[in-house]
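J.:
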Amino acid sequence: MKTAKQNFNYQKTIAITGVLLFIVKLVAWYITHSVAILTDALESTVNVTSAFIGLYSLYVSAKPKDTSHPYGHGKVEFISAAIEGTMISGAGVLIIVEAVKNIGNPHPIAKLDYGIILISLTAIVNYVIGEIAVRKGRNNSSLALVASGKHLQSDTYSTIGIIVGLILLLVTKLAWLDSAVALLFALLIVYTGFKIIRDSLKGIMDEADEELLKKMVETLQEKRGENWIDLHNTRIIKYGSTLHIDCHLTVPWYLNVHEAHNEIDTLTRMVRENFGNAIELSVHTDGCLDYSCEICSKKGCPERQTDFRRSIQWTVKNISDDQKHRLS
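Per the working numbering: the sequence shown = residues 1 to 328.
1) For the alpha helix (DSSP H) holding W312, just list the boundary residues, first then last.
2) Just the Cα atoms here: how many angstroms apart are T242 and G90?
3) Using a Cβ-Cβ cutoff of less than 8 angstroms, which residues in the same chain neighbour P252 once the five nearest sequence positions on both sides are dropped?
4) If you draw a straight line from the alpha carbon of A186 to that of I160, how long is it in whole angstroms?
5) Between the C-alpha atoms of W314 and D199, what's the straight-line distance to the nearest angstrom?
6) Under three-state DSSP, which class holds K238?
7) Taking C-alpha atoms, which residue in F308, A36, N318 lies nearest to V164?
8) Can you tell me whether DSSP reads D246 as helix, strand or coil?
9) H284 bridges to which residues according to DSSP?
10) When you compare each of L145, L281, V257 to N7 by their alpha carbons, which one comes out closest?
11) Give every residue of the same chain whose Cβ lies closer than 6 angstroms to the Cβ of L38, excluding the five residues on either side of it in the sequence, and list them in chain order.
12) Counting C-beta neighbours from all protein chains within 10 Å, is the total for N256 16 or more, i.e. buried, or is it exposed?
13) Which one or two residues does DSSP pair with D230 in a beta bridge?
14) Less than 8 angstroms between the C-beta atoms of L183 and Y157, yes or no?
15) Take every Cβ of the stretch 118-130, pair it with every Cβ of the stretch 7-25, and state whether three or more of those distances are shorter than 8 angstroms.
16) Is it buried or exposed for Y114, if we count other Cβ within 10 angstroms and need 16 for buried?
17) Rounded to the nearest angstrom, how far is the Cβ of V283 from that of L249, given a contact under 8 angstroms?
18) Can the beta-carbon of L94 be found less than 8 angstroms from the beta-carbon of L174?
19) So, using beta-carbon positions, are A51 and G85 closer together than 8 angstroms?
20) Tell me which residues share the same chain as F194 and place their Cβ nearer than 8 angstroms to its Cβ, disregarding the 5 neighbours each side in the sequence.
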């Protein structure tokens, strides 16, 4: 809950800042009559709209789980990110259309120096806030916050393109340059939106996070307990900023309920220490079988049937498979 509130509070900052920067860009357009700056201002309307969509999604995802949503409300973040990614790509397409239209029919522009200063300030503010949002989002596993941050950064890139175009226009007096540079950066905006949509669809479809699984396997392998004979049937599902992990842990069959539960507590503690507290683990313990002795390095086992041969290195594949590990 604390993490969700942090995400929500920072999204409020993004929303308020978006409104202020939009006003600054409108002022810059009013004094310059630059179509490129107008295009940048129009893209900012997407920033403002998506910021409030992200704010609402984080408000919903911060709600505690209930009987209707036993895993919480975090999935709304993926839907929010998908909408935001679509809006980013849509804004990029609109910029492309406007840029192409004005290359052959440029409009007269005035007071470029003032316009450049104003939108340069908006670019700096956008990038700083966006970078902080991406970092906070990744640290707190919030796709909505990451999407908002990337949106602000993509807005920065397009603004930089417009600044370059305006500076070149100021120097060369070639009126078509601002539209040409805006066109180039619009393609980058469309690509950024596509990537956000792709990431959100991964979450909606519960696609496995291979990078996270790999890091988790490396950590568990490094700090593996002697009673942890194998780990299998591992599943990770992300609901907003919360990770839900299900797995089967094979332990010596003769451990009593209390001892087996202690092993689960140790595993849970280790995962949270390395991957944060916004994690829910559901661990099912399995008793070992005769063939498990060959891969069990536990010393002094009173029930050993065969000699220990070698441990099996845990990998993303074998901890995901729905079967106990064995040599043959």
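Cβ coordinates follow ideal geometry from the N, Cα and C atoms, glycine included.
T.: According to the data block:
1) As a position in the sequence shown, residue 312 is number 312, starting the count at 1. The question names Trp, but residue 312 in the sequence shown is Ile. Segment: none, I312 is in no alpha helix (DSSP H) and carries neither H nor E.
2) Position 242 of the sequence shown, counted from the start, is the residue given in the question as residue 242. Position 90 of the sequence shown, counted from the start, is the residue given in the question as residue 90. For T242 and G90, the gap between their C-alpha atoms comes out near 30 angstroms.
3) Against the sequence shown, residue 252 aligns to sequence position 252. Correct list, in chain order: N227, I229, G287, C288, C296, K298, C301, E303.
4) By 1-based counting over the sequence shown, the position of residue 186 is 186. By 1-based counting over the sequence shown, the position of residue 160 is 160. Computed Cα separation, rounded: 11 angstroms.
5) As a first step, residue 314 must be located in the sequence shown, where it is residue number 314. As a first step, residue 199 must be located in the sequence shown, where it is residue number 199. Going from the Cα of W314 to the Cα of D199 covers about 27 angstroms.
6) Along the sequence shown, read from residue 1 onward, the residue named residue 238 stands at position 238. In this structure, K238 counts as strand in the three-state DSSP scheme.
7) Position 164 of the sequence shown, counted from the first residue, corresponds to residue 164. Ranking the options by Cα distance to V164, first place goes to A36.
8) Here residue 246 is taken as the residue at index 246 of the sequence shown, counted from 1. The three-state secondary structure of D246, taken from DSSP, is strand.
9) Start at 1 with the first residue of the sequence shown, and residue 284 comes out as number 284. H284 pairs with H248.
10) Numbered from its first residue, the sequence shown carries residue 7 at position 7. Cα-wise, what sits closest to N7 is L145.
11) Your numbering for residue 38 matches position 38 in the sequence shown. Closer than 6 angstroms at the Cβ level, and outside the excluded window around L38, lie W29.
12) The count along the sequence shown starts at 1 and reaches residue 256 at position 256. The residue in question, N256, is exposed, as its Cβ has fewer than 16 Cβ neighbours within 10 Å.
13) Walking along the sequence shown from the start, residue 230 turns up at place 230. Answer is T250, bridged to D230.
14) For the purposes of this step, residue 183 is taken as the residue at position 183 of the sequence shown. For the purposes of this step, residue 157 is taken as the residue at position 157 of the sequence shown. Result no, Cβ atoms of L183 and Y157 do not sit closer than 8 angstroms.
15) Counting Cβ pairs under 8 angstroms, three or more are found: they touch.
16) Locating residue 114 in the sequence shown gives position 114, counting from the first residue. Burial call: exposed.
17) Numbered from its first residue, the sequence shown carries residue 283 at position 283. Numbered from its first residue, the sequence shown carries residue 249 at position 249. So it is a contact: roughly 5 angstroms between Cβ atoms.
18) To locate residue 94, count along the sequence shown from 1; it is residue 94. To locate residue 174, count along the sequence shown from 1; it is residue 174. Against a cut-off of 8 angstroms, the Cβ pair of L174 and L94 comes out as no contact.
19) By 1-based counting over the sequence shown, the position of residue 51 is 51. By 1-based counting over the sequence shown, the position of residue 85 is 85. The answer is no: Cβ separation not under 8 angstroms.
20) On the sequence shown, residue 194 is found 194 positions in, with the first residue counted as 1. Once the five neighbours on either side are set aside, the close Cβ partners of F194 are G85, S89.
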